[in-house]
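Step one of this worksheet: look at the structure below.
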Amino acid sequence: MSTLAPLVIAAIPAEDEVLRTEVSAFLQAAVADRPAWERAKTWSGVDRDLSRQMGARGWIGVTLPPAYGGGGRSVYARYVIVEECLNWGAPVGWHWIADRQSAPMILRFGTEAQKQFYIPPICRGESAFCIGMSEPNSGSDLASVRTRATRTDTGWLLSGQKIWTTNADQCQHMIALVRTSGTAEDRHRGLSQFIVDLSLPGVEVRPIQDLSGESQSSEMFFDDVELPDGALIGAEGEGWAQVTAELAFERSGPERIFSSIILFDAWLDFVRALGDQRSSTQRLAGRIFTELATLRAMSVALTDQLAQGKSPVVEAALVKDLGTTLEQNIPLWLADDLFARDPGSVPSSLLHTLVMLTRIAPSFSLRGGTREILRGMVARGLGLR
Amino acid sequence: MEDLFLSTFSRLMQAHASPEVVRRALQAGEADALAAQLEESGFGNLLLPEDHGGAGLSLAQIYPLLALLGAHACPVPLAETLVARAALQAAGLAQPAGWLTLAEGVLAEGQVAVHGLPYGRLAGTALVAVDGVLRPLALADASARAPHLYGLDQAVRWPAACWRAAPVAGEAVDASMWLACLAAARLAGTMATVLDLSREHVTQRVQFGRPLARFQAIQQLISQQAEQMYAAQMAAMIGCQTRSWQPEAARVAIAKATTSAAAAQVAAVGHAVHGAMGFTEEHDLQLFTRLLHRDRWLAGAESRWQEVAGGWLLSSGQPARTLDVIRSVMADTHS
Numbered sequence: 026m027s028t029l030a031p032l033v034i035a036a037i038p039a040e041d042e043v044l045r046t047e048v049s050a051f052l053q054a055a056v057a058d059r060p061a062w063e064r065a066k067t068w069s070g071v072d073r074d075l076s077r078q079m080g081a082r083g084w085i086g087v088t089l090p091p092a093y094g095g096g097g098r099s100v101y102a103r104y105v106i107v108e109e110c111l112n113w114g115a116p117v118g119w120h121w122i123a124d125r126q127s128a129p130m131i132l133r134f135g136t137e138a139q140k141q142f143y144i145p146p147i148c149r150g151e152s153a154f155c156i157g158m159s160e161p162n163s164g165s166d167l168a169s170v171r172t173r174a175t176r177t178d179t180g181w182l183l184s185g186q187k188i189w190t191t192n193a194d195q196c197q198h199m200i201a202l203v204r205t206s207g208t209a210e211d212r213h214r215g216l217s218q219f220i221v222d223l224s225l226p227g228v229e230v231r232p233i234q235d236l237s238g239e240s241q242s243s244e245m246f247f248d249d250v251e252l253p254d255g256a257l258i259g260a261e262g263e264g265w266a267q268v269t270a271e272l273a274f275e276r277s278g279p280e281r282i283f284s285s286i287i288l289f290d291a292w293l294d295f296v297r298a299l300g301d302q303r304s305s306t307q308r309l310a311g312r313i314f315t316e317l318a319t320l321r322a323m324s325v326a327l328t329d330q331l332a333q334g335k336s337p338v339v340e341a342a343l344v345k346d347l348g349t350t351l352e353q354n355i356p357l358w359l360a361d362d363l364f365a366r367d368p369g370s371v372p373s374s375l376l377h378t379l380v381m382l383t384r385i386a387p388s389f390s391l392r393g394g395t396r397e398i399l400r401g402m403v404a405r406g407l408g409l410r
Numbered sequence: 018m019e020d021l022f023l024s025t026f027s028r029l030m031q032a033h034a035s036p037e038v039v040r041r042a043l044q045a046g047e048a049d050a051l052a053a054q055l056e057e058s059g060f061g062n063l064l065l066p067e068d069h070g071g072a073g074l075s076l077a078q079i080y081p082l083l084a085l086l087g088a089h090a091c092p093v094p095l096a097e098t099l100v101a102r103a104a105l106q107a108a109g110l111a112q113p114a115g116w117l118t119l120a121e122g123v124l125a126e127g128q129v130a131v132h133g134l135p136y137g138r139l140a141g142t143a144l145v146a147v148d149g150v151l152r153p154l155a156l157a158d159a160s161a162r163a164p165h166l167y168g169l170d171q172a173v174r175w176p177a178a179c180w181r182a183a184p185v186a187g188e189a190v191d192a193s194m195w196l197a198c199l200a201a202a203r204l205a206g207t208m209a210t211v212l213d214l215s216r217e218h219v220t221q222r223v224q225f226g227r228p229l230a231r232f233q234a235i236q237q238l239i240s241q242q243a244e245q246m247y248a249a250q251m252a253a254m255i256g257c258q259t260r261s262w263q264p265e266a267a268r269v270a271i272a273k274a275t276t277s278a279a280a281a282q283v284a285a286v287g288h289a290v291h292g293a294m295g296f297t298e299e300h301d302l303q304l305f306t307r308l309l310h311r312d313r314w315l316a317g318a319e320s321r322w323q324e325v326a327g328g329w330l331l332s333s334g335q336p337a338r339t340l341d342v343i344r345s346v347m348a349d350t351h352s
């Protein structure tokens, strides 16, 4: 029976923690004019100018080698920067995906030419990426993708469709998981990853309006798009292994625990200003605080494993499930509290933030792998399947 | 050195704290053989300074041992004894023979009353805190001892004269905070055992022609149980984060709130997947789920500690961002 290794309490090293003061002061000033309901969108918000400024300060690609424009620092340095972005509610969506997973993925699997070409602009905050995984008939069942790249004399011909692609309408590039041999029935075999230039002829991007009235994701159509030879990233047929490694980056970060923090902090401001020390208020504040403190310690402990070169895939799935559950409970519990109060006493800005979180919260346990998929991974880690 | 003491302790528990020993202790209030082994081993002195016959360890260093006590549902109050001896030594008082335990007491009507004295049935001395003043009271001097909610616990009263005659072992002591820290660590270990029993059962029990573990509904339940246990382990470690034998209040609030809430869920899933078999006296599951509920209640369940943490979070003077409050609570933690 396999088992999970217990997490060990870890501390962020002092040389990385020192980054916090400067990053925090910069972001605090950057978001000063933004209302809480807007800051609540954090990495769903896009501000290209902010991304360029952060790039200029060396805060994007901080873990990547200086030879490609990166900071050459540890995963902890990135943890500190990302945590500050989330807790100030900075709109960092423009560079978020490239910084989190595309650039590390190119560094790990790309050719020298690909690294030289793609990574420096990412680090400058000038190049945005999106992730081409889901398709209309491949949601949680990712291995069933049907979008296909076929070899030609000059490279590859791409045809098919992707969907739910975050920020696709804002990006220059997508890293797509597609089939290069066999059929959907071959599952994990015959999949490869490509870097697709979204300005090529034959690419069509149609934004999807979501339930909050915004268009954060798109559907994408590829009609015989001619890709150059250099578009293949990593080895042909190794796409599944590569994408699995990518998901470990995607699941282990603080964005899986702090998505509702702007609302919680706004609620705390409200009850502190009231001087409300009723026991029901204390319990609610303490419930969220004690869960969050535990989850943050778990997230730092996972970061420590990444820093040691480990890939805690199952543990990351487990923490993501717990973290997104709290993220979703925060707007539910706080709404329960606020709507037990005198209707006139709650500031409209707080209610506006609550509405924003209530609308977007269902996505917390969808993006990056659904709750049920994650629990299946944990069950496998426990030897049940 | 820590690994060595831990593996020695683990072997001792394996050999002498079997479910049969626990079952008998809960029924008959007797665990003499295990108690003798533990006394002889000297593990009760780990928190004492080295020049007082101890090992000079901190709570953080002995966390794995505290969790193992829960993993075996150890009926002897070793955790409480460890802290009580450290408190007595710090106060310059003599160490009484026998096992020690801790509690909050109330002084009224000529008596000191402790409503629930953990392991009172096996302890020789209780360190009782009344309004923050801590004094050792011999169980032999008690005027009344009655069964309490868990087989080894008791409701105990002493004549006020005993209390006045006892030396002071500490002032401004929050004994419930000490107990909460120890119970949280024990809970993490007990949860690990209930998870192990549950995994073992669902992989072996066959229904509809396949092991229960093959059913997605069961997999989802056990995954949630594992997640709760995993969070509880981290929280319990946070509670024990101190370089001394004295826990810190904010960290204990995190630990006890999280472990108590998790305990209820872990116990519920354990019984759900064991079916009627786990509902019998004969099955070991009940030894551990009973302890889960007892330690959930001990020194306050989740709401009490959420209230403590929340009251502190809402007080003025805290940083505006929750992240910064968490960072200040976790400052100077280590593995």
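As they're listed, the protein sequences go chains A and B.
Using the numbering used here, the first residue of the first sequence is number 26, and each one after it goes up by one.
Using the numbering used here, the first residue of the second sequence is number 18, and each one after it goes up by one.
We treat Cβ as the ideally placed atom computed from N, Cα and C, and that holds for glycine.
- [ ] Give the residues of chain B in contact with ASN112(A), contact being defined as C-beta atoms less than 7 angstroms apart.
- [x] What you label residue 112(A) is simply residue 87 of the first sequence in a count that begins at 1. Here the neighbours are ARG338 and LEU340.
Open item on the list: Can you give me the C-alpha to C-alpha distance between GLU97(B) and HIS288(B), rounded to a whole angstrom?
Closed with: Within the second sequence, the letter at position 80 stands for residue 97(B). Within the second sequence, the letter at position 271 stands for residue 288(B). Across the structure, GLU97(B) and HIS288(B) are spaced so that their CA atoms are roughly 29 angstroms apart.
Open item on the list: I need the DSSP call for GLN233(B), collapsed to helix, strand or coil.
Closed with: The count along the second sequence starts at 1 and reaches residue 233(B) at position 216. Residue state, collapsed to three classes: helix.
Open item on the list: Could you give the first and the last residue of the continuous alpha helix (DSSP H) run that contains ASP20(B)?
Closed with: For the purposes of this step, residue 20(B) is taken as residue 3 along the second sequence, with counting starting at 1. 19 to 33 is the extent of the alpha helix (DSSP H) around ASP20(B).
Open item on the list: Counting only C-beta atoms, is SER304(A) closer than 7 angstroms to chain B at any point?
Closed with: As a working note, residue 304(A) is residue 279 in the first sequence. Yes, SER304(A) lies at the interface with chain B (some Cβ there is under 7 angstroms from its Cβ).
Task: Distance between beta carbons of GLN139(A) and ILE411(A), contact taken as under 8 angstroms - done: With chain A represented from 26 up to 410, any question about residue 411(A) goes unanswered, as that position is not in the structure.
- [ ] With DSSP as the reference, please indicate the residues paired to ILE34(A) in a beta bridge.
- [x] For the purposes of this step, residue 34(A) is taken as the residue at position 9 of the first sequence. Partner residues in a beta bridge of ILE34(A), as assigned by DSSP, do not exist.
Open item on the list: Need the endpoints of the beta strand (DSSP E) that ALA155(B) sits in, please.
Closed with: By 1-based counting over the second sequence, the position of residue 155(B) is 138. Unbroken beta strand (DSSP E) run through ALA155(B): 150 to 155.
Open item on the list: Given this structure, state the Cα-to-Cα distance separating ARG103(A) from ILE220(A), to the nearest angstrom.
Closed with: In the first sequence, counting from the first residue as 1, residue 103(A) sits at position 78. In the first sequence, counting from the first residue as 1, residue 220(A) sits at position 195. About 24 angstroms.
- [ ] Determine the closest residue to LEU43(B) out of SER193(B), ASP191(B) and LEU169(B), with distance taken between C-alpha atoms.
- [x] In the second sequence, counting from the first residue as 1, residue 43(B) sits at position 26. When only C-alpha atoms are compared, the closest one is LEU169(B).
- [ ] Please report the residue range of the beta strand (DSSP E) in which TRP189(A) lies.
- [x] Taking the first residue of the first sequence as position 1, residue 189(A) is located at position 164. From DSSP, the beta strand (DSSP E) with TRP189(A) extends over 180 to 191.
Task: DSSP bridge partner residues for THR306(A) (one or two, in chain order) - done: Your numbering for residue 306(A) matches position 281 in the first sequence. Paired residues: none, contrary to the question.
TODO: Starting from GLY401(A), find everything on chain B with Cβ-Cβ shorter than 7 angstroms and list it in chain order.
DONE: Residue numbering aside, residue 401(A) sits at position 376 when the first sequence is read from its first letter. Those are GLN236, listed as they occur along chain B.
- [ ] State the Cα-Cα distance for the pair GLY115(B) and GLY73(B), rounded to the nearest angstrom.
- [x] In the second sequence, counting from the first residue as 1, residue 115(B) sits at position 98. In the second sequence, counting from the first residue as 1, residue 73(B) sits at position 56. Rounded to whole angstroms, the separation of the alpha carbons of GLY73(B) and GLY115(B) is 21 angstroms.
TODO: May I have the straight-line CA-CA distance separating LEU89(A) from THR350(B), to the nearest angstrom?
DONE: For the purposes of this step, residue 89(A) is taken as the residue at position 64 of the first sequence. For the purposes of this step, residue 350(B) is taken as the residue at position 333 of the second sequence. If you take the alpha carbons of LEU89(A) and THR350(B), they lie about 28 angstroms apart.
Open item on the list: For a minimum of 4 consecutive residues, which ranges assigned as the alpha helix (DSSP H) are wholly contained in the stretch 250 to 323 of chain A?
Closed with: Here the runs fully enclosed are 264 to 276 and 286 to 299.
TODO: Give the secondary structure of THR350(B) by DSSP, where H, G and I count as helix, E and B as strand, and everything else as coil.
DONE: One-based indexing of the second sequence puts residue 350(B) at position 333. Note: THR350(B) maps to coil in three-state DSSP.
TODO: Note down the Cα distance separating PRO153(B) from ALA84(B), rounded to an integer number of angstroms.
DONE: Taking the first residue of the second sequence as 1, we reach residue 153(B) at position 136. Taking the first residue of the second sequence as 1, we reach residue 84(B) at position 67. Each residue's alpha carbon lies about 26 angstroms from the other.
TODO: Excluding the 5 residues preceding and the 5 following ALA183(B) in the sequence, name in chain order all residues of the same chain whose CB lies nearer than 8 angstroms to its CB.
DONE: As a position in the second sequence, residue 183(B) is number 166, starting the count at 1. Shown here for ALA183(B): same chain residues with a beta carbon closer than 8 angstroms to its own, the five before and five after excluded, namely ARG152, PRO153 and LEU154 in chain order.
Open item on the list: One question on the structure: do GLY215(A) and GLY262(A) come within less than 7 angstroms of each other, judged by their Cβ atoms?
Closed with: Your numbering for residue 215(A) matches position 190 in the first sequence. Your numbering for residue 262(A) matches position 237 in the first sequence. In this structure, GLY215(A) lies near GLY262(A), with their beta-carbon atoms less than 7 angstroms apart.
Open item on the list: Report the start-end ranges of each beta strand (DSSP E) in the stretch 96 to 172 of chain B that is 3 residues or longer and not cut off at the edges.
Closed with: The qualifying runs are 117 to 121, 123 to 125, 128 to 134, 142 to 147, 150 to 155 and 161 to 164.
Open item on the list: 7 angstroms is my cut-off, CB to CB: does SER27(A) come that close to chain B?
Closed with: Position 2 of the first sequence holds residue 27(A). The pLDDT assigned to SER27(A) is 49, lower than 50, so where the model puts this residue is not dependable, and the model offers no usable value.
Open item on the list: Assuming ALA172(B) and ALA163(B) are in contact, meaning their beta carbons sit under 8 angstroms apart, how far apart are those beta carbons, in whole angstroms?
Closed with: In the second sequence, counting from the first residue as 1, residue 172(B) sits at position 155. In the second sequence, counting from the first residue as 1, residue 163(B) sits at position 146. With a contact defined as Cβ atoms closer than 8 angstroms, ALA172(B) and ALA163(B) qualify at about 5 angstroms.
Open item on the list: Assuming HIS198(A) is part of the alpha helix (DSSP H), what are its boundary residues?
Closed with: Here residue 198(A) refers to the residue found at position 173 when the first sequence is read from its first residue. Element bounds for HIS198(A): not the alpha helix (DSSP H) but the beta strand (DSSP E), 198 to 204.
- [ ] For TYR80(B), I'd like the list of residues in its chain whose CB is within less than 8 angstroms of its CB, leaving aside the five on either flank, ordered along the chain.
- [x] For the purposes of this step, residue 80(B) is taken as residue 63 along the second sequence, with counting starting at 1. Excluding residues within five positions, the ones whose Cβ falls inside 8 angstroms are ALA202, ALA253, MET254 and CYS257.
Open item on the list: What would DSSP say about LEU351(A), mapped onto helix, strand or coil?
Closed with: As a first step, residue 351(A) must be located in the first sequence, where it is residue number 326. Looking at LEU351(A) - three-state DSSP - the assignment turns out to be helix.
Task: Complete runs of the alpha helix (DSSP H) confined to the stretch 47 to 135 of chain A [at least 4 residues] - done: Along the stretch 47 to 135 of chain A, the alpha helix (DSSP H) occurs as fully enclosed runs of 4 or more residues at 61 to 64, 73 to 81, 100 to 113, 118 to 122 and 128 to 134, listed in sequence order.
- [ ] Quick one: give me the first and last residue of the beta strand (DSSP E) that VAL230(A) is part of.
- [x] Position 205 of the first sequence, counted from the first residue, corresponds to residue 230(A). For VAL230(A), the enclosing beta strand (DSSP E) covers residues 228 to 233.
Task: Alpha-carbon to alpha-carbon, ALA332(A) and ILE37(A) - done: Indexing the first sequence from 1 puts residue 37(A) at position 12. Indexing the first sequence from 1 puts residue 332(A) at position 307. Rounded to whole angstroms, ILE37(A) and ALA332(A) show a C-alpha spacing of 11 angstroms.
Task: Integer-rounded CB distance, given that SER184(A) should sit under 8 angstroms from ARG176(A) - done: Counted from its first residue, the first sequence places residue 176(A) at position 151. Counted from its first residue, the first sequence places residue 184(A) at position 159. At roughly 13 angstroms, the Cβ-Cβ gap does not stay under 8 angstroms, so ARG176(A) and SER184(A) are not in contact.
Task: Those residues which DSSP pairs with GLY187(B) across a bridge - done: Locating residue 187(B) in the second sequence gives position 170, counting from the first residue. As a beta-bridge residue in DSSP terms, GLY187(B) pairs with LEU151(B).
TODO: Just mark GLY59(B) as buried or exposed, buried being the case when its beta carbon has 16 or more other beta carbons within 10 Å.
DONE: Your numbering for residue 59(B) matches position 42 in the second sequence. The Cβ neighbour count for GLY59(B), taken over all protein chains shown within 10 Å, is under 16; the residue is labelled exposed.
Task: Reduced DSSP secondary structure (H/G/I, E/B, other) of LEU342(A) - done: As a working mapping, residue 342(A) is identified with position 317 in the first sequence. The sequence given here has Ala at residue 342(A), not Leu. Helix.
- [ ] Take ALA266(B) and list the residues in its own chain whose beta-carbon comes closer than 6 angstroms to its own, dropping the five residues that flank it on each side.
- [x] As a working mapping, residue 266(B) is identified with position 249 in the second sequence. Within the same chain, ALA266(B) has close Cβ partners MET194.
- [ ] Identify whether PHE246(A) lies in helix, strand or coil by the three-state DSSP scheme.
- [x] Locating residue 246(A) in the first sequence gives position 221, counting from the first residue. Here PHE246(A) sits in strand by DSSP.
Task: Proximity winner among THR118(B), MET347(B), ARG41(B) and GLY109(B), relative to THR259(B) (alpha-carbon distances) - done: Along the second sequence, read from residue 1 onward, the residue named residue 259(B) stands at position 242. For the residues THR118(B), MET347(B), ARG41(B) and GLY109(B), the minimum Cα distance to THR259(B) belongs to MET347(B).
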